[in-house]
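Since the structure comes first, as structure tokens, the remarks are kept for the end.
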Amino acid sequence: MVRVGETARREASFDSLKIPFPPAAAIMPRDRRDLAAVLALANARRVPVTVRGRGTSLTGSAAPRRGGWVVDLSGWRRIRIDREAGMAHVQAGARVAAIHRAAEAAGWFYPPDPSSREYCTIGGNIACNAGGMRAGKYGVTRDYVIALKGFLPTGEYVEWGTPTRKFSAGFNLRDLWIGSEGMLGIVTEAVLKLVPRPAARWTMLAAFRDEAAACRAARSLFALRLQPEICEFLDRYSVLCAERATGATVFPGQPGRPGLLLEFSGSAGEVREQRRAALAWAGTKAAAFRAARDRDEAEALWAVRRKCSGAMFELGDAKLNEDIVVPMRSYERLARFLDRLRRESGLPIPVFGHLGDGNLHVNIMYRRADPAQCRAAARAVRRLMETVVALGGAISGEHGIGLAKSPFLHLQHRPAQVGAMRAVKHALDPRGILNPGKIFEKFEVWKHPRLAVALPWDHK
Ligand SMILES: Cc1cc2nc3c(=O)[nH]c(=O)nc-3n(C[C@H](O)[C@H](O)[C@H](O)COP(=O)(O)OP(=O)(O)OC[C@H]3O[C@@H](n4cnc5c(N)ncnc54)[C@H](O)[C@@H]3O)c2cc1C
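Note that my numbering has the sequence shown beginning at 42, numbered continuously upward.
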């Protein structure tokens, strides 16, 4: 189906970054034959093509910056679980939460768990190498992709890998596609690895004197070789946001205590053992802690994490949500730097995220009508990116580069590295039709007005 009406073009013009670039048409191919024909025509006529899953990308990677055609694969949703092999055969538009449910119904488990899971597609997850809360223990999307099928920008059909646990036949272009943000090829189907579903879980929330103490305590937990499935960090500002939203103080009499939300999983015996060790750890390292006795109590602890993000909009009507990642040895230095950044910028900067893998969400809040705050936010992002790279980390742990991080690609990569990426892009997409204007071309988000639209996944 080809849609050229104003509403369809508007809907396809932006993702969660909310900066619109209207395409000439939104195309929903029915099958592989349709898609091959669309790509062959686009390639012949040099029409830009931007593939779209569900548009939850926070970086503008799904927005058609150069117009052209948006190819929407969100209707390609088939999921089949191979119970014997422990694999999921999925189409690109399958929702990640639907894959979770299908796997679990068959006694298996698909670990990658972005907070947008109810909405985002596996095609988008593969294109961004999505992570989530469980990555510290289980890894990211890349660790679960066994094989891919899809199209080169020229319209030629390709298959990278087979539904086997081993594959060593030729160059590994499957991994080149993973994280390529829809710039090297279009995924139509994937085979995903599943793991046995953990039988038991146990949750606790520990509070600390300050952020550096929380970071130190997390490192000491990992040094005990305890591997929580989830280790979410909440700084004092995130906790205060959650407390305002829930109307309750997490630790009575101690508002705004930075915390670690921990969840352990495994067999019942393994969880019992981890619980014993984690309680001993909390007894010596934490200022206070709450241990869930059942799932209801666990849910109450989770509310702190779930509520903090939406509540931040009381601090500013615009958010630059940066998903930086740093090595474990740099956790405390990052915490101290963030304190300085708040003081120097004068902006509220609540931070939470996945301390199990060092991937933190730094939320720079500002008022878009205030030019001084906009400038301060732009400066703060640059300082953050420079510092993260200096600490041995990366400017994105899971969201990718898209438009939003394009000004900082050169901080992460030497000219030779960017040159190699450009050469790969040119080899696979000689006419440059697939998702043009991204990654390599600088785009300054704060200079562009954002749409005032509410998306179903806002504040999740
Ligand atoms: C509330 C919220 C929470 C989030 N939490 C997380 C999180 O915890 N972890 C995380 O990693 N991300 C998170 N994200 C970011 C986002 O959900 C992910 O980047 C997700 O992978 C995007 O999937 P999508 O289907 O929406 O893709 P889109 O936004 O439609 O597209 C994203 C990119 O993938 C490309 N693409 C899409 N489909 C294909 C395909 N079939 N073939 C090739 N390229 C394709 C697009 O061209 C684009 O470059 C969150 C976003 C929101 C809004």
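Glycine residues also receive a C-beta, built at the ideal position from the N, C-alpha and C atoms.
Rounded to a whole number of angstroms, what is the C-alpha to C-alpha distance between residue i and residue j?
i, j, result
"residue 399", "residue 366", "5 Å"
"residue 295", "residue 251", "12 Å"
"residue 368", "residue 377", "15 Å"
"residue 318", "residue 305", "11 Å"
"residue 504", "residue 135", "The chain is shown from 42 up to 501; residue 504 falls before or after that span and cannot be answered."
"residue 288", "residue 353", "14 Å"
"residue 231", "residue 149", "17 Å"
"residue 119", "residue 131", "6 Å"
"residue 472", "residue 81", "12 Å"
"residue 320", "residue 262", "11 Å"
"residue 492", "residue 280", "28 Å"
"residue 419", "residue 482", "17 Å"
"residue 286", "residue 344", "10 Å"
"residue 350", "residue 496", "15 Å"
"residue 448", "residue 484", "6 Å"
"residue 178", "residue 212", "28 Å"
"residue 129", "residue 51", "34 Å"
"residue 468", "residue 145", "40 Å"
"residue 336", "residue 253", "30 Å"
"residue 338", "residue 99", "32 Å"
"residue 452", "residue 86", "35 Å"
"residue 104", "residue 143", "30 Å"
"residue 237", "residue 180", "15 Å"
"residue 122", "residue 255", "40 Å"
Taking 6 Å as the limit between beta carbons, can you name the residues of its chain near residue i, skipping five residues before and five after?
i, result
"residue 234", "185 and 187"
"residue 53", "64, 67 and 111"
"residue 44", "67"
"residue 191", "226, 227, 228 and 229"
"residue 173", "153, 154 and 155"
"residue 292", "248, 298 and 329"
"residue 323", "247 and 330"
Is any heavy atom in ligand 1 found nearer than 7 Å to the beta carbon of residue i?
i, result
"residue 228", "yes"
"residue 450", "no"
"residue 141", "no"
"residue 282", "no"
"residue 497", "no"
"residue 432", "no"
"residue 92", "yes"
"residue 155", "yes"
"residue 404", "no"
"residue 95", "yes"
"residue 440", "yes"
"residue 168", "yes"
"residue 180", "no"
"residue 56", "yes"
"residue 222", "yes"
"residue 161", "yes"
"residue 171", "yes"
"residue 99", "yes"
"residue 217", "no"
"residue 102", "yes"
"residue 84", "no"
"residue 319", "no"
Give a yes or no on whether 8 Å exceeds the smallest Cβ distance from residue i to chain C.
i, result
"residue 252", "The structure shown has no chain C; it contains just one protein chain."
Within 10 angstroms of the Cβ of residue i, are there 16 or more other Cβ atoms? Answer buried if so, exposed if not.
i, result
"residue 42", "exposed"
"residue 460", "exposed"
"residue 49", "buried"
"residue 392", "buried"
"residue 93", "buried"
"residue 265", "exposed"
"residue 28", "Residue numbering for the chain in the displayed model covers 42 to 501; residue 28 lies beyond these limits and cannot be assessed."
"residue 207", "exposed"
Quick one: measure Cβ to Cβ for residue i and residue j, integer angstroms, because I've assumed they're closer than 8 Å.
i, j, result
"residue 474", "residue 70", "Not quite, the Cβ-Cβ distance comes to about 16 Å (not below 8 Å), so this is no contact."
"residue 222", "residue 442", "7 Å"
"residue 478", "residue 215", "Going by Cβ atoms, the distance from residue 478 to residue 215 rounds to 25 Å, so no, they are not a contact pair."
"residue 333", "residue 342", "6 Å"
"residue 182", "residue 171", "5 Å"
"residue 138", "residue 125", "Residue 138 to residue 125, Cβ: 24 Å. No contact."
"residue 196", "residue 84", "6 Å"
"residue 273", "residue 395", "6 Å"
"residue 371", "residue 432", "4 Å"
Less than 8 Å between C-beta atoms, sequence neighbours within five positions excluded: which residues of the same chain meet that for residue i?
i, result
"residue 307", "239, 240, 241 and 315"
"residue 486", "58, 60, 101, 361, 444 and 445"
"residue 383", "389 and 390"
Considering only residues of the same chain and omitting the five flanking positions on each side of residue i, which have a CB-CB separation below 7 Å?
i, result
"residue 494", "59"
"residue 364", "400, 402, 437, 438, 439 and 440"
"residue 415", "407, 409 and 487"
"residue 499", "none"
Examine ligand 3 and report whether any of its heavy atoms sits within less than 7 Å of the Cβ of residue i.
i, result
"residue 164", "You won't find ligand 3 in this model; what it holds is ligand 1."
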